[in-house]
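There are 2 protein chains.
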Amino acid sequence: MTSKLVQTAKRGRGRPPVFDREAALMAATKLFWERGYEGTSFDELIAAMGISASSFYNSFGSKERLYCEATSSYLESSGRWFFGILNDESTDTRTAFSRLFDATAEEFTRGDHPPGCMVSVACLQTGPGLKNMREMMVEHRAFSEGAMAERIRKGIAEGDMPSDTDVDVLAAYLSAVARGLAVQARDGASRERMAQIGRVAMRAWPSDPAPGKSKTVGSSKRGAHQ
Amino acid sequence: MTSKLVQTAKRGRGRPPVFDREAALMAATKLFWERGYEGTSFDELIAAMGISASSFYNSFGSKERLYCEATSSYLESSGRWFFGILNDESTDTRTAFSRLFDATAEEFTRGDHPPGCMVSVACLQTGPGLKNMREMMVEHRAFSEGAMAERIRKGIAEGDMPSDTDVDVLAAYLSAVARGLAVQARDGASRERMAQIGRVAMRAWPSDPAPGKSKTVGSSKRGAHQ
DNA sequence: CTAATTTTGATGTCATCGCTCCAAAAATCC
DNA sequence: GGATTTTTGGAGCGATGACATCAAAATTAG
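If you read the protein sequences in the order shown, they are chains A and B. Residues 58 to 283 in this note's numbering are what the first sequence lists, from first letter to last. Residues 58 to 283 in this note's numbering are what the second sequence lists, from first letter to last.
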């Protein structure tokens, strides 16, 4: 879209690249997403990206650096809907996570990219040679779980969550369900099935501390268990 | 243990193997468990198993066949506690799954083997070359989810589960939580943290259809939400 | 003891992997 | 136009991956 404008506007001296860098990165991202780091070979990468080996190293450095860049690109893209829903100021905490699961079901089963999440299931089983990537993925996963915990804390502060909620445990639970959804998606679960799982998962939600204080109408008069 | 007896008892004519086949298989299983199929190289395998390349092919056929055998061995071993708890006739359905999560937390964090589950997170991202193994792992995962569904159906038949329970969805949810626990375990979650997640997950349990009908004492007078 | 049977150790093979090198090509700057 | 800068195509590299070959070694059956 705007890449051509940028390209012609600020191009330096040398020969111009014949490929669209963003498109190539996207192609690589989808390949990594589908096959993982080890499952994606160099030759498959440059074939899918439509570039030569020289252009590859000239533009992306190495397979490892490309993977990092692809991961960043993916996280930026998926972070838009993820944090968009999580930090939507107009919804209470419960609704935010409920919507998060709905969006997850939708995003994990779109036709325009591989099913599931690129980082949820990445580098879970690797040799010592990929220790760095593994730690990186662990950090990414911990980050999103931390963001969930933050949202829950905000809910407590705003009064739509019980003050005695064990934030870290609840966040770990919600995170675990999301990882489980990623596995289910990879195994071919349907969008509706995943949405159903999300709805069941929300039944574990803590009961309202003071009914009537939530920001959104409806869906807040359940709970009351335990 | 008994391998030596079996060995001397039914050994045929030729030169006797110098290694313990079961021990070698166990070593290979742990390596696959930790590093996955692609992440485990041939040389690493024979080194960990303490055998030569010829003995490897003579005894196990190929890396792929060894992986299948290792998976079978793993499933037989983990199936002992899994199905032992799931099909324990002395517990009601809810208690069975509650114990299943407790056992999962314990088994996923033992010191004598890699954390998490060998099949829950296996072959989730692979190239076309490993299509067969991927499908095999998908089947294994579907099998355990099916076993959960069976147990829930039994609970309905025996009256300790609501008759209008959506069995497949509940099983998919419980399965997803288990997969999520496997991811958390791989990322280094503690046993206690995983047990906590399991306890939160059980809050999504359907309410009792007819209080007082369950087989075990205590822990059956909660529910009542929704 | 001899023959038959099986495992073992030591190489060897062939494809792939991720990566590098270098000269030619295509643009800009002066 | 010439110098400069950057990308491109193509060939090749060392290392590793999984597997194969085969004679020697170690056992038992007869």
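For glycine and all other residues, C-beta sits at the position ideal for the given N, C-alpha and C.
#1: Got a sec: which bits of the region 248-261 of chain B sit with their beta carbon under 7 Å from any beta carbon on chain A, in order along the chain?
#2: Among B:110, B:92 and B:225, which one has its Cα closest to the Cα of residue 100 of chain B?
#3: Measure from the alpha carbon of residue 261 of chain B to the alpha carbon of each residue in B:132, B:228 and B:160, then state which is nearest.
#4: Under 8 Å between beta-carbons, which chain B residues line up against residue 177 of chain A? List them in chain order, please.
#5: Could you tell me if residue 200 of chain B is buried or exposed, where buried requires 16 or more neighbouring beta carbons within 10 angstroms of its beta carbon?
#6: Measuring straight from C-alpha to C-alpha, what distance separates residue 144 of chain A and residue 209 of chain A?
#7: With H, G and I counted as helix, E and B as strand and the rest as coil, what does DSSP make of residue 236 of chain B?
#8: Quick one: which chain A residues come within Cβ less than 9 Å of residue 100 of chain B?
#9: What did DSSP end up calling residue 203 of chain B once you bin it into helix, strand or coil?
#10: Where residue 122 of chain B and residue 131 of chain B are concerned, what is the direct C-alpha to C-alpha distance, given to the nearest angstrom?
#11: Taking the alpha helix (DSSP H) that residue 138 of chain A belongs to, which residues open and close that run?
#12: Is it true that the CB of residue 128 of chain B sits closer than 8 Å to the CB of residue 176 of chain B?
#13: Is there a C-beta anywhere in chain A that falls below 8 Å from the one on residue 181 of chain B?
#14: For residue 232 of chain A, collect the residues of the same chain with a Cβ closer than 8 Å to its Cβ; drop the 5 residues on either side in sequence, then sort them by chain order.
#15: Assuming residue 94 of chain B contacts residue 190 of chain B under a Cβ cut-off of 8 Å, what Cβ separation, rounded to an integer in Å, is found between them?
#16: Give me the residue from A:259, A:161, A:146 and A:193 with the minimum Cα distance to residue 135 of chain A.
#17: Is the Cβ of residue 230 of chain A closer than 8 Å to any Cβ of chain B?
#18: Check whether the region 166-185 of chain B touches the region 81-93 of chain A, taking contact to mean three or more Cβ pairs, one atom from each stretch, closer than 8 Å.
#19: Assuming residue 163 of chain B is part of the alpha helix (DSSP H), what are its boundary residues?
#20: Can you tell me where the alpha helix (DSSP H) holding residue 251 of chain A begins and where it ends?
#21: Near residue 222 of chain A, what residues of its chain come up, given a Cβ to Cβ distance below 7 Å and the 5 sequence neighbours on each side ignored?
#22: Do residue 84 of chain B and residue 105 of chain B have their beta-carbon atoms positioned less than 8 Å apart in this structure?
#23: In this structure, does DSSP put residue 94 of chain A in helix, strand or coil?
#24: Could you tell me which chain A residues have their CB closer than 7 Å to the CB of residue 126 of chain B, listed as they occur along the chain?
#25: Within the same chain, show all residues whose beta-carbon is closer than 6 Å to that of residue 236 of chain B, passing over the 5 residues directly before and after it, in chain order.
#26: Any C-beta of chain B sitting closer than 8 Å to the C-beta of residue 233 of chain A?
#27: For a contact defined as C-beta to C-beta under 8 Å, what are the partners of residue 123 of chain A on chain B?
#28: What does residue 146 of chain B reach in chain A if we use C-beta pairs closer than 8 Å?
#29: How is the alpha helix (DSSP H) around residue 221 of chain B delimited, first residue to last?
#30: Taking all protein chains shown into account, decide if residue 155 of chain A is buried (16 or more other Cβ within 10 angstroms of its Cβ) or exposed.
#31: Helix, strand or coil, according to DSSP, for residue 179 of chain A in the structure here?
#32: Who are the Cβ neighbours of residue 239 of chain A in its own chain at under 8 Å, not counting the five residues just before and after it?
#33: Is residue 226 of chain B helix, strand or coil when you go by DSSP?
#34: Report yes if the CB atom of residue 140 of chain A is closer than 8 Å to the CB atom of residue 255 of chain A, and no otherwise.
#35: When you compare the CB of residue 291 of chain B with every CB in chain A, is at least one pair closer than 8 Å?
#36: On the CB-based measure, 16 or more other CB atoms within 10 Å of its CB, does residue 234 of chain A come out buried or exposed?
With the structure as the only source:
#1: Cβ proximity to chain A below 7 Å picks out 250, 253, 254, 257, 258, 260 and 261 from the region 248-261 of chain B.
#2: B:110
#3: B:228
#4: Those are 240, listed as they occur along chain B.
#5: exposed
#6: 11 Å
#7: helix
#8: For residue 100 of chain B, there are no neighbours in chain A by C-beta distance under 9 Å, as the nearest C-beta there is about 11 Å away.
#9: helix
#10: 14 Å
#11: 120-143
#12: yes
#13: Yes, contact with chain A.
#14: 198, 201, 202 and 205
#15: 6 Å
#16: Residue A:161 is the option with its Cα nearest to residue 135 of chain A.
#17: yes
#18: yes
#19: 150-164
#20: 248-259
#21: 209, 213 and 263
#22: yes
#23: coil
#24: The contacting residues do not exist; residue 126 of chain B stays about 18 Å from chain A at best.
#25: 177
#26: yes
#27: Chain B residues near residue 123 of chain A: none, gap ~16 Å exceeds 8 Å.
#28: Residues of chain A passing the Cβ test: none, with the nearest at roughly 26 Å.
#29: Neither: residue 221 of chain B is in no alpha helix (DSSP H) and is coded neither H nor E.
#30: buried
#31: Here DSSP, grouped into helix, strand and coil, assigns residue 179 of chain A to coil.
#32: 165, 173, 174, 177 and 178
#33: helix
#34: no
#35: This structure cannot speak to residue 291 of chain B, because chain B is shown only from 58 to 283.
#36: buried
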